Amino acid sequence: MSKQTMTSMERFVASLLLKTPDKVPLCLFFSSYGAKEQQLSIKEYFKQPELVAKTQLHLQQKYKTDCLYTFSYAPLEIEAFGGEVLFSQDGPPNAGEPIIKNDLDINNLELPKISQTPCLLRTLEVTSKLKIAVKETVPIIGVVMSPFSLPIMQMGFENYLNLLYLNKPYFLKLMHKNIEFCTAWANAQLKAGATTIFYFDPLSSGDFITRNLFLSTGYKVAQKTLSHINGFYGVNTASAKVTAILEDLINLEAKYVSFSTNDDIVSIKQAAAKRICLVGNLNGIKMVNWSEAEIVSNVKTVIKHAGRDGGLMLAESHGEIPWQVSEKVLLGISAAVEEFGRYPLTWCNHE
Numbered sequence: 027m028s029k030q031t032m033t034s035m036e037r038f039v040a041s042l043l044l045k046t047p048d049k050v051p052l053c054l055f056f057s058s059y060g061a062k063e064q065q066l067s068i069k070e071y072f073k074q075p076e077l078v079a080k081t082q083l084h085l086q087q088k089y090k091t092d093c094l095y096t097f098s099y100a101p102l103e104i105e106a107f108g109g110e111v112l113f114s115q116d117g118p119p120n121a122g123e124p125i126i127k128n129d130l131d132i133n134n135l136e137l138p139k140i141s142q143t144p145c146l147l148r149t150l151e152v153t154s155k156l157k158i159a160v161k162e163t164v165p166i167i168g169v170v171m172s173p174f175s176l177p178i179m180q181m182g183f184e185n186y187l188n189l190l191y192l193n194k195p196y197f198l199k200l201m202h203k204n205i206e207f208c209t210a211w212a213n214a215q216l217k218a219g220a221t222t223i224f225y226f227d228p229l230s231s232g233d234f235i236t237r238n239l240f241l242s243t244g245y246k247v248a249q250k251t252l253s254h255i256n257g258f259y260g261v262n263t264a265s266a267k268v269t270a271i272l273e274d275l276i277n278l279e280a281k282y283v284s285f286s287t288n289d290d291i292v293s294i295k296q297a298a299a300k301r302i303c304l305v306g307n308l309n310g311i312k313m314v315n316w317s318e319a320e321i322v323s324n325v326k327t328v329i330k331h332a333g334r335d336g337g338l339m340l341a342e343s344h345g346e347i348p349w350q351v352s353e354k355v356l357l358g359i360s361a362a363v364e365e366f367g368r369y370p371l372t373w374c375n376h377e
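Okay, so the sequence shown: first residue is 27 according to my numbering, each after it adds one.
Structural data, given as structure tokens:
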């Protein structure tokens with residue numbers, strides 16, 4: 027017997043509580059894709075909070091997704107610190123020149139004042155407009171860059187690795203500043219109406235550093251940061267593998283975690299079952315070229331192996347639907363979830 031139809035919020039909460047909702051929640055993370063929908067440049071699109079909010083609502087209805095997403099672009103926080111954002115025509119914006127040229131610059135790094143920083147205020151305006159529109163019917167996901175991963179953009183990858191390995195006093199000084207900003211930024215989004223915060227922390231993945239190094243650095247940073255966030259949160263490793271640190275993320279009391287197409291789906295489901303909700307793991311790059319059969323196959327594979335007994339939100343692994351993905355593919359994903367994502371997933375017993 028099928029369950030009574032839930033709202034997106036009810037579906038989302040049931041999944042976070044590791045219960046079975048009426049169907050697998052679909053979370054298509056639209057950021058720059060909204061500019062494509064409005065036929066605007068990415069730069070012009072994000073200058074207009076009212077339009078961004080309206081577009082989020084439009085895309086949520088169009089593709090029957092179960093969340094709204096206030097993330098705009100990764101270097102937003104670099105922009106807040108006074109850095110440059112490099113906009114492209116059909117891809118995610120990138121950070122410009124590092125704002126920290128050498129370790130000594132950390133001494134003079136000033137934290138953004140959220141109430142006086144236009145790019146942050148625009149995100150808060152989007153958040154508040156979405157909250158007014160949907161109230162408690164659709165979850166609103168806010169995003170922060172982890173204090174541990176943000177220096178990749180603040181300093182450049184090589185310089186940051188040198189700091190991490192060779193200059194612990196200045197590493198700790200930078201972490202102290204970034205933690206203060208990150209917690210303030212997360213709580214400002216929650217106050218504006220965000221339901222939850224997605225903590226983006228790719229550097230903590232086993233793809234980049236050893237678990238031992240993570241436990242002595244990124245894990246401790248996450249402990250200090252997440253304990254001061256006034257709401258619940260998940261962790262996103264931006265399509266990097268998460269299996270090696272899954273136990274640690276559970277210990278951090280994360281309610282949900284993204285998982286990669288490179289994580290073994292059966293193994294990670296076994297480890298996560300009834301402990302943490304999985305978010306993923308559709309391949310955003312490959313979906314650009316998916317046929318109708320491939321759409322159905324990929325959706326069914328994730329649901330079959332990670333969706334039984336709940337604890338799954340179907341999503342693209344990286345945290346952003348690429349500009350190049352067609353409307354046809356996204357509608358196909360939505361239709362496949364509608365057909366194959368309804369609990370109790372009896373079709374799984376026959377395949």
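Don't be surprised by glycine CBs; every beta carbon is placed ideally from N, CA and C. Predicted model, so just to flag it, every value in this text is computed and none were measured.
Note on geometry: alpha-carbon atoms of K139 and L147 lie some 10 Å from one another.
Counting along the chain, M171 sits inside the beta strand (DSSP E) bounded by residues I166 to M171. For the options Q215, C208 and F56, the alpha carbon positioned closest to that of S98 is the one of F56. Assignment of beta-bridge partners to T222 by DSSP yields I167. Relative to the Cα of L43, the nearest Cα in the group P144, I294, A280 and G367 belongs to A280.
Rounded to the nearest angstrom, the gap between the Cα atoms of A214 and S286 is 29 Å.
V268 sits in coil when the DSSP states are folded into three classes, being neither helix nor strand. Taking C-beta atoms as the reference points, L278 and L252 count as a pair closer than 7 Å. Shown here for F207: same chain residues with a beta carbon closer than 6 Å to its own, the five before and five after excluded, namely L137 in chain order. Cβ contact annotation for V325 (same chain, cutoff 8 Å, sequence separation greater than five): L308, L340, I359, A362, V363, F366 and G367, in chain order. Taking a C-beta distance under 7 Å as the contact criterion, T209 and P165 do not qualify as a contact pair. K49 sits in a strand when the DSSP states are folded into three classes. Between the segment 244 to 264 and the segment 192 to 207, the count of Cβ pairs shorter than 8 Å is three or higher; the stretches touch.
Counting C-beta pairs closer than 8 Å gives three or more between the segment 228 to 245 and the segment 171 to 180, which meets the contact rule.
Between I167 and C93, the gap from beta carbon to beta carbon is short of 7 Å. Here DSSP, grouped into helix, strand and coil, assigns L216 to helix.
Counting C-beta pairs with one atom in each stretch, the segment 73 to 81 and the segment 107 to 119 have fewer than three that are closer than 8 Å, which means they do not touch. Look at E342 here: in three-state DSSP terms it is strand. By the beta-carbon neighbour count (other beta carbons within 10 angstroms, threshold 16), H344 is buried. Sequence-distant partners of G232 (beyond 5 residues in either direction) whose C-beta falls short of 6 Å from its own C-beta, in its chain, are K267 and A270. M32 is positioned such that its CB atom lies closer than 7 Å to that of D48. The three-state secondary structure of Y259, taken from DSSP, is strand. Looking only at R237, A332, V169 and P124, the smallest Cα-Cα distance to E184 is reached by P124. Note: A121 is bridge-paired with V111 in the DSSP secondary-structure output.
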